[in-house]
Amino acid sequence: MPSYQLGTNEAAELQRRDQLPTAGVEPRVYIRLTTSWMEIMVRFLTRTHGVRELKSAISRDILEEFEAAGIRIATNTYEIIGSPAI
Numbered sequence: 001m002p003s004y005q006l007g008t009n010e011a012a013e014l015q016r017r018d019q020l021p022t023a024g025v026e027p028r029v030y031i032r033l034t035t036s037w038m039e040i041m042v043r044f045l046t047r048t049h050g051v052r053e054l055k056s057a058i059s060r061d062i063l064e065e066f067e068a069a070g071i072r073i074a075t076n077t078y079e080i081i082g083s084p085a086i
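Quick note, the sequence shown lines up with residues 1 to 86 if you use this note's numbering.
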């Protein structure tokens, strides 16, 4: 897969131009607990092209690590008890 990450010089220029703090250009992971699940948000800088492929690769890596650690993802199940007349 091609590299979609910003190079060190590009990140430094973005940081300088937009007056971002040092942590402003580093990837960050945020976790939020809700009543039903844990929400994981990943923030990162990348080039404009290839974002979908990069997000897919990140998601696949996370799922592989969950599987290796024995972590299963639960889902909500709904019972459909009727359907509208057509």
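Ideal placement from N, C-alpha and C gives every residue a C-beta, glycine not left out. These numbers come from a predicted model, not from an experiment.
Around residue 13, the same chain offers no residue with a beta carbon nearer than 7 Å, after the five sequence neighbours per side are excluded. Membership of residue 54 in the alpha helix (DSSP H) is indicated by the continuous run 51-68. DSSP, read as helix, strand or coil, puts residue 72 in coil.
A Cβ-Cβ contact shorter than 9 Å links residue 42 with residue 29.
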